[in-house]
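These protein sequence lines map, in sequence, to chains A and B.
For the record, in the first sequence the residue sitting at position 97 is 97 according to UniProt numbering, with numbers rising by one throughout.
For the record, in the second sequence the residue sitting at position 259 is 259 according to UniProt numbering, with numbers rising by one throughout.
A short worksheet on the structure shown next.
Protein chains: 2
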Amino acid sequence: MALHDRVALIGLGLIASSMAHAMRGAGLCREIVGHARSAETRATALEIGLCDRVCETAAEAVEGADLIVLAVPVGAMGAIAAEIAPHLKPGATVTDVGSVKQAVITAVAPHIPEGVHFIPGHPLAGTEHSGPRSGFATLFRNRWWLLTPPEGADPAAVARLRALCEGMGANVEEMDAAHHDLVLAVTSHTPHLIAYTMVGVADHLRRVTQSEIIRYSAAGFRDFTRIAASDPTMWRDVFLTNKEATLDILGRFTEELFALQRAIRLGDGDHLFEYFTRTRAIRRGIIEAGQDTAAPDFGRAAEATNGTGKG
Amino acid sequence: MALHDRVALIGLGLIASSMAHAMRGAGLCREIVGHARSAETRATALEIGLCDRVCETAAEAVEGADLIVLAVPVGAMGAIAAEIAPHLKPGATVTDVGSVKQAVITAVAPHIPEGVHFIPGHPLAGTEHSGPRSGFATLFRNRWWLLTPPEGADPAAVARLRALCEGMGANVEEMDAAHHDLVLAVTSHTPHLIAYTMVGVADHLRRVTQSEIIRYSAAGFRDFTRIAASDPTMWRDVFLTNKEATLDILGRFTEELFALQRAIRLGDGDHLFEYFTRTRAIRRGIIEAGQDTAAPDFGRAAEATNGTGKG
Numbered sequence: 001m002a003l004h005d006r007v008a009l010i011g012l013g014l015i016a017s018s019m020a021h022a023m024r025g026a027g028l029c030r031e032i033v034g035h036a037r038s039a040e041t042r043a044t045a046l047e048i049g050l051c052d053r054v055c056e057t058a059a060e061a062v063e064g065a066d067l068i069v070l071a072v073p074v075g076a077m078g079a080i081a082a083e084i085a086p087h088l089k090p091g092a093t094v095t096d097v098g099s100v101k102q103a104v105i106t107a108v109a110p111h112i113p114e115g116v117h118f119i120p121g122h123p124l125a126g127t128e129h130s131g132p133r134s135g136f137a138t139l140f141r142n143r144w145w146l147l148t149p150p151e152g153a154d155p156a157a158v159a160r161l162r163a164l165c166e167g168m169g170a171n172v173e174e175m176d177a178a179h180h181d182l183v184l185a186v187t188s189h190t191p192h193l194i195a196y197t198m199v200g201v202a203d204h205l206r207r208v209t210q211s212e213i214i215r216y217s218a219a220g221f222r223d224f225t226r227i228a229a230s231d232p233t234m235w236r237d238v239f240l241t242n243k244e245a246t247l248d249i250l251g252r253f254t255e256e257l258f259a260l261q262r263a264i265r266l267g268d269g270d271h272l273f274e275y276f277t278r279t280r281a282i283r284r285g286i287i288e289a290g291q292d293t294a295a296p297d298f299g300r301a302a303e304a305t306n307g308t309g310k311g
Numbered sequence: 001m002a003l004h005d006r007v008a009l010i011g012l013g014l015i016a017s018s019m020a021h022a023m024r025g026a027g028l029c030r031e032i033v034g035h036a037r038s039a040e041t042r043a044t045a046l047e048i049g050l051c052d053r054v055c056e057t058a059a060e061a062v063e064g065a066d067l068i069v070l071a072v073p074v075g076a077m078g079a080i081a082a083e084i085a086p087h088l089k090p091g092a093t094v095t096d097v098g099s100v101k102q103a104v105i106t107a108v109a110p111h112i113p114e115g116v117h118f119i120p121g122h123p124l125a126g127t128e129h130s131g132p133r134s135g136f137a138t139l140f141r142n143r144w145w146l147l148t149p150p151e152g153a154d155p156a157a158v159a160r161l162r163a164l165c166e167g168m169g170a171n172v173e174e175m176d177a178a179h180h181d182l183v184l185a186v187t188s189h190t191p192h193l194i195a196y197t198m199v200g201v202a203d204h205l206r207r208v209t210q211s212e213i214i215r216y217s218a219a220g221f222r223d224f225t226r227i228a229a230s231d232p233t234m235w236r237d238v239f240l241t242n243k244e245a246t247l248d249i250l251g252r253f254t255e256e257l258f259a260l261q262r263a264i265r266l267g268d269g270d271h272l273f274e275y276f277t278r279t280r281a282i283r284r285g286i287i288e289a290g291q292d293t294a295a296p297d298f299g300r301a302a303e304a305t306n307g308t309g310k311g
């Protein structure tokens with residue numbers, strides 16, 4: 001079932017290296033060509049045999065490729081697209097794995113030549129690790145891979161990309177790019193910013209020692225450090241490029257937070273109780289949807305293949 | 001190694017029922033007597049054989065007990081203390097498992113008669129479940145149990161209580177009540193409030209459907225629903241009674257959040273990158289301290305006995 005003959009991975013971090021393992025494991029292509037900007041990353045990729053070939057330039061890597069995957073930080077997509085554009089094979093498909101879709105489309109689409117398909121994508125999968133050694137074949141298994149094909153996209157190219165994602169174990173959903181960015185602002189981008197902030201607050205505190213924070217982290221804080229440990233470059237670009245949706249959700253968040261803060265200050269127990277009761281229902285919905293487990297201790301002992309850390 | 005002859009559990013929720021299982025499993029006392037305000041909870045406790053005896057009143061339950069554990073919401077501690085005070089056996093020890101310590105001491109200490117020891121405590125253990133059926137013997141294993149004995153507390157009584165906690169598998173640490181409340185405001189109370197808030201924001205949103213939020217929750221939001229699903233009564237009381245420390249940390253949190261929000265609005269990528277890099281170090285500290293695992297996917301497949309949900 002070799003759906004694409006040659007796949008070029010531009011950027012060799014967690015997502016691309018996991019794709020390499022997953023595509024090879026499932027026999028989804030004949031050849032994997034890779035490129036990374038850093039010589040060290042290229043050397044590592046060669047050393048661990050991540051790709052069949054590693055190229056020094058992105059232009060060289062995309063030559064003759066049927067599928068090109070842009071797996072670089074969102075802020076680097078435009079420059080890469082400009083660089084590879086003259087070297088793209090007619091009929092090839094370009095996709096990306098960025099956590100933001102509108103900004104990527106704005107940056108990349110103008111460079112894509114006539115006759116080449118551009119189908120933006122976003123796998124909702126990740127860990128707090130990064131780099132070419134962090135990838136593993138099962139990263140996408142049972143995770144969502146969102147595609148945001150533009151109007152008039154070639155159905156055959158979309159179907160081929162969808163089959164590749166499904167071949168790596170993902171569940172594929174198509175949606176509008178603007179809606180994607182809003183949904184992710186709620187489910188991922190704003191939660192990450194908040195987690196980063198809370199971890200930063202703890203770091204500043206003088207009266208509570210760092211060792212105490214670390215020691216007693218399991219009381220709730222640990223879940224924040226978990227989602228605040230992901231790749232800084234990636235997250236910087238997410239917030240810079242999904243600015244409007246993130247600021248919108250952040251505004252709602254601070255409004256709500258101030259209302260709760262006021263309830264605490266005024267001792268309004270009914271407000272707090274009613275609020276905390278309502279949030280339980282969402283949790284139940286997530287368990288019923290099979291996105292998590294109802295086992296005690298949050299099922300940490302039993303849970304197998306879900307994670308966070310990817311925008 | 002029966003350290004206490006008769007233990008009275010006042011309140012039969014997650015913590016008390018887990019204590020019953022753990023004490024019985026390790027043979028830490030001869031008899032467990034229980035009381036809960038709700039007739040339904042008492043009936044359940046009888047039905048599942050949680051205690052040797054279940055009493056209709058707290059006063060009755062504490063008669064002749066060597067150790068009395070107040071395992072009710074923080075806001076109910078004062079009234080319970082007043083009710084049981086005349087029935088406490090001379091030489092007995094009263095402890096509690098509340099998530100806030102100063103407010104419990106203010107509410108309970110004045111009622112404790114001369115000759116009875118009062119040693120406040122707080123096990124940092126929990127799940128998002130509550131009620132008499134939610135308890136299990138291993139809840140406290142490798143978790144912290146903080147004791148805040150007042151100045152001049154009887155060393156023998158403290159040692160006996162410490163041995164009981166250790167017998168249930170917990171690591172015991174003693175600290176000042178005010179410091180406890182500040183540490184917990186950072187590591188638990190504020191993170192919980194923030195998680196509740198973020199889940200509440202998602203609930204309000206009209207343009208993103210609830211099913212989308214649930215479906216794509218693994219991208220970060222799921223960790224928030226996890227910590228926002230705990231017992232509403234308990235959390236209401238935590239915020240009402242640890243008001244000052246929580247508002248202090250919340251103030252710092254919103255300051256930091258506004259600084260990050262401003263950086264996003266102004267497109268200040270350096271600020272964001274520097275901030276996100278710093279928070280990674282705390283995560284590493286937690287892994288090195290053995291409070292979590294560095295395994296990919298946050299070790300969800302491998303991790304065994306840690307959890308959150310208790311203040």
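In this text, a Cβ means the ideal position worked out from N, Cα and C, and glycines have one as well.
Assigned secondary structure, residue i (DSSP; H/G/I helix, E/B strand, else coil)
i, result
"Glu212(B)", "helix"
"Leu240(A)", "helix"
"Pro86(A)", "helix"
"Thr162(A)", "Contrary to the premise, residue 162(A) reads as Arg rather than Thr in this sequence. Arg162(A) falls in the helix class under three-state DSSP."
"Ala31(B)", "Note on residue identity: the sequence assigns Glu, not Ala, to residue 31(B). Three-state DSSP puts Glu31(B) in a strand."
"His111(A)", "helix"
"Ile10(B)", "strand"
"Leu182(B)", "helix"
"His21(B)", "helix"
"Asp5(B)", "strand"
"Ala26(B)", "helix"
"Val104(B)", "helix"
"Ala137(A)", "coil"
"Thr233(B)", "helix"
"Arg37(A)", "coil"
"Arg42(A)", "helix"
"Met77(A)", "helix"
"Ser99(B)", "coil"
"Gly167(A)", "helix"
Run of the beta strand (DSSP E) containing residue i, from where it starts to where it stops
i, result
"Glu173(B)", "171-174"
"Arg53(A)", "53-55"
"Asp154(B)", "Looking at the DSSP string, Asp154(B) is not in any beta strand (DSSP E), and its letter there is neither H nor E."
"Thr93(A)", "93-96"
"Leu147(B)", "144-147"
Endpoints, the alpha helix (DSSP H) within which residue i is located
i, result
"Asp255(B)", "The sequence shown places Glu at residue 255(B), not Asp. Taken as a continuous stretch (DSSP letters only), the alpha helix (DSSP H) holding Glu255(B) covers 243-266."
"Asp270(B)", "269-288"
"Leu67(A)", "No alpha helix (DSSP H) contains Leu67(A), which is instead part of the beta strand (DSSP E) from 67-70."
"Pro191(B)", "190-204"
"Gly121(A)", "Where Gly121(A) is concerned, there is no enclosing alpha helix (DSSP H), although the beta strand (DSSP E) it sits in stretches over 121-123."
"Leu50(A)", "Element bounds for Leu50(A): n/a, residue is neither H nor E."
"Val62(A)", "58-62"
Where residue i meets chain B, residues with beta-carbon distance less than 8 angstroms
i, result
"Val199(A)", "Thr279, Ile282, Arg283"
"Pro132(A)", "By Cβ distance, chain B contributes nothing, its closest Cβ being about 14 angstroms from Pro132(A), past 8 angstroms."
"Lys243(A)", "Ile264, Arg265, Gly267"
"Trp235(A)", "Leu272, Phe276"
"His204(A)", "Arg252, Glu256"
Under 7 angstroms from the C-beta of residue i: neighbouring residues of chain B
i, result
"Pro113(A)", "Going along chain B, no residue has its Cβ under 7 angstroms from Pro113(A), so there is no contact; the nearest lies around 30 angstroms."
"Glu256(A)", "Thr197, Gly200, Val201"
"Phe140(A)", "In chain order: nothing, as chain B lies at least about 12 angstroms away."
"Thr246(A)", "Ile264"
Neighbouring residues, chain A, relative to residue i (Cβ below 7 angstroms)
i, result
"Gly188(B)", "The sequence as given places Ser at residue 188(B); Gly does not occur at that position. Those are Ala219, Gly220, Phe221, listed as they occur along chain A."
"Thr225(B)", "Ile282, Arg283, Ile286"
"Pro191(B)", "Met198, Gly220, Phe221, Phe224"
Residue(s) in a DSSP beta bridge with residue i
i, result
"Thr225(A)", "In DSSP, Thr225(A) forms no bridge with anything."
"Phe118(A)", "Val94(A)"
"His129(A)", "Answer is none; His129(A) lacks a bridge partner."
Segment contact, 8 angstroms Cβ cut-off, at least three pairs: the stretch 232-240 of chain A with the stretch 261-270 of chain B: Touching, per the Cβ criterion.
Stretch pair the stretch 217-227 of chain B + the stretch 276-289 of chain A: three plus CB contacts closer than 8 angstroms: Touching, yes, given that three or more Cβ pairs across the two stretches are closer than 8 angstroms.
Three or more C-beta pairs below 8 angstroms linking the stretch 116-130 of chain B and the stretch 89-103 of chain B: The stretch 116-130 of chain B vs the stretch 89-103 of chain B: in contact.
Segment contact, 8 angstroms Cβ cut-off, at least three pairs: the stretch 169-180 of chain B with the stretch 211-223 of chain B: No: fewer than three Cβ pairs fall under 8 angstroms.
Three or more C-beta pairs below 8 angstroms linking the stretch 144-159 of chain A and the stretch 70-85 of chain A: Contact between the stretch 144-159 of chain A and the stretch 70-85 of chain A is absent, with fewer than three C-beta pairs closer than 8 angstroms.
Validate contact between the stretch 248-266 of chain A and the stretch 189-201 of chain A using beta carbons, cut 8 angstroms, 3 pairs: Pairwise C-beta distances place the stretch 248-266 of chain A in contact with the stretch 189-201 of chain A, as three or more of them are shorter than 8 angstroms.
The stretch 21-32 of chain A in contact with the stretch 6-13 of chain A per 3-pair CB rule at 8 angstroms: At 8 angstroms Cβ cutoff, the stretches touch.
contact_flag[the stretch 83-93 of chain B, the stretch 110-118 of chain B] where n(CB pairs < 8 angstroms) is 3 or more: Three or more beta-carbon pairs separated by less than 8 angstroms link the stretch 83-93 of chain B to the stretch 110-118 of chain B, which places the two stretches in contact.
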